[in-house]
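Residue numbers for the sequence shown follow the numbering used here, beginning at 172 and rising by one.
Don't be surprised by glycine CBs; every beta carbon is placed ideally from N, CA and C.
This report refers to the structure that appears directly beneath it.
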Amino acid sequence: MEQLYLWLDLGSLAIPLLFSFHPKIKFYRKWPSILPGILVMMLIFIPWDIYFTASGFWGFNPDYLTGIYWFGLPMEEWLFFICIPYACMFTHYVLTALVPNWPLREKNNQWVYLIIASLLIILLWYGYQQWYTATAFLYALLILGLTQNLAPQVLPSFFMSYVVILIPFFLVNGILTGSGLPEPIVWYNDAENFGLRLGTIPVEDAIYNLGMLLTVVYVGELMQRTRKT
Numbered sequence: 172m173e174q175l176y177l178w179l180d181l182g183s184l185a186i187p188l189l190f191s192f193h194p195k196i197k198f199y200r201k202w203p204s205i206l207p208g209i210l211v212m213m214l215i216f217i218p219w220d221i222y223f224t225a226s227g228f229w230g231f232n233p234d235y236l237t238g239i240y241w242f243g244l245p246m247e248e249w250l251f252f253i254c255i256p257y258a259c260m261f262t263h264y265v266l267t268a269l270v271p272n273w274p275l276r277e278k279n280n281q282w283v284y285l286i287i288a289s290l291l292i293i294l295l296w297y298g299y300q301q302w303y304t305a306t307a308f309l310y311a312l313l314i315l316g317l318t319q320n321l322a323p324q325v326l327p328s329f330f331m332s333y334v335v336i337l338i339p340f341f342l343v344n345g346i347l348t349g350s351g352l353p354e355p356i357v358w359y360n361d362a363e364n365f366g367l368r369l370g371t372i373p374v375e376d377a378i379y380n381l382g383m384l385l386t387v388v389y390v391g392e393l394m395q396r397t398r399k400t
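Structure, rendered in structure tokens:
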């Protein structure tokens, strides 16, 4: 079980990175937009993570770690914000290429955005006193609103691919939060979240993940626009 978190990171990255150079995929051509998106996301999420870890809102089981820490975060947590977004963006863009005509079109995605935003507002209202709930839902609302106003064309494919991405998300995050393990790799202080779990996963994790990935997509779209001008 030692170093399990590291193996989850590297295992999540291995196949997407390998197939990034496949002649029919050529995902490496997306790196000029994807990598800056990941960097910007890390500039937001790493300080958030450092503060929440230091405050005891969540933490990490040393039995599953290498023991290398930077600014109070285990090395594996830093790698998480590289490996997982990269794998998810690989999935997103491959799905976008394979299924260009998504059932959800840009012209009618407004109602989907409104439904998601409304649900987030309602849940935020009930959970504003819990730090993880409040920050995860508020950030998701902000990045959704920003994208809807400035880059709405990316939302239809993102919404659809995110549903697919939730499958490996539940697998990896389930293990991180203790599925099949004697103790979780990542533990949570339930006083700072709803206390509602999807299996072993706090429901906030799904919204946290949405905000994280949409940040990468949004920044990537801005980078593509910059290169075209």
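Per the Cβ contact rule, the stretch 343-354 is not in contact with the stretch 321-331 (fewer than 3 Cβ pairs under 8 Å). Between the alpha carbons of I186 and V325 lies a gap of roughly 25 Å.
Inter-residue distance for W219 and V270 is about 35 Å (C-alpha atoms, whole angstroms). Scanning its chain for C-beta atoms nearer than 7 Å, with the 5 sequence neighbours on each side dropped, one finds around Y379 the residues A307, in chain order. For G230, the secondary structure class from DSSP, reduced to helix, strand or coil, is strand. Take T371, set aside five residues on each side of it, and the residues of its chain with a beta-carbon closer than 8 Å to its own are G345, T348, G349, S350 and P355, in chain order. Using a Cβ distance threshold of 8 Å, E363 and W302 count as a contacting pair.
Beta-bridge pairing by DSSP links Y359 to W229.
By DSSP's assignment, Y235 forms no beta bridge with any residue. When Cβ pairs closer than 8 Å are counted between the two stretches, the stretch 204-214 is seen not to touch the stretch 287-295, the count staying below three. In terms of Cα proximity to F340, the closest of F365, A258, N232 and N360 is A258.
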